[in-house]
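In our numbering, the protein residues as written are 15 to 120.
Written out below as structure tokens is the structure these notes cover.
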DNA sequence: CTAGTGACTGTTT
DNA sequence: AAAACAGCCACTA
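Structure (structure tokens):
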């Protein structure tokens, strides 16, 4: 049984699981909803530790600009994330960014 | 304990 | 609008 580095990760995952289909949210919003404002960085860190095949829709989490963040050693994931969001009905502009006013999750 | 790092955010150039 | 800088906090060595 795999050990979680920190049970706090589950708190972030729980918030991400509540994101409805066709909507996105920011790292800061997830941290805020999780009851830990200001830990946006830790949200990204928690998602980075997220195991493959988890039930957490990590692709619905983007940065404050409404764009997909480039993580270390794999920008291919950004393309996958964009494809998943487009498949859920999320629109991207010519700059590859999402309108948080339209698809943002309150 | 200190130091380094990172899927971030807001303000200033 | 994009880039640079600083602030923030948790995890690892």
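No residue lacks a Cβ here, since even glycine has one placed at the ideal position from N, Cα and C.
Can you tell me the Cα-Cα spacing of residue i and residue j, whole angstroms?
i: residue 36; j: residue 106; result: 12 Å
i: residue 16; j: residue 25; result: Here the model assigns residue 16 a pLDDT of 49, short of 50, so the residue's position is not dependable and the matter cannot be decided.
i: residue 118; j: residue 42; result: 12 Å
i: residue 29; j: residue 47; result: 7 Å
i: residue 101; j: residue 33; result: 15 Å
Can you have a look at residue i and say buried or exposed, based on whether 16 or more other CB atoms are within 10 angstroms of its CB?
i: residue 85; result: exposed
i: residue 71; result: buried
i: residue 40; result: buried
Enumerate in chain order the residues of its own chain whose CB-to-CB distance from residue i is below 7 Å, with the five nearest sequence positions on each side excluded.
i: residue 62; result: 85
Excluding the 5 residues flanking residue i on each side, which residues of the same chain have their C-beta closer than 6 Å to its C-beta?
i: residue 74; result: 33, 38
Cutting at 8 Å between CB atoms, please list the residues of its own chain near residue i, excluding the five before and the five after it.
i: residue 82; result: 76, 92, 95, 96, 110
Are three or more beta carbon pairs between the stretch 82 to 98 and the stretch 45 to 52 nearer than 8 Å?
Touching, no.
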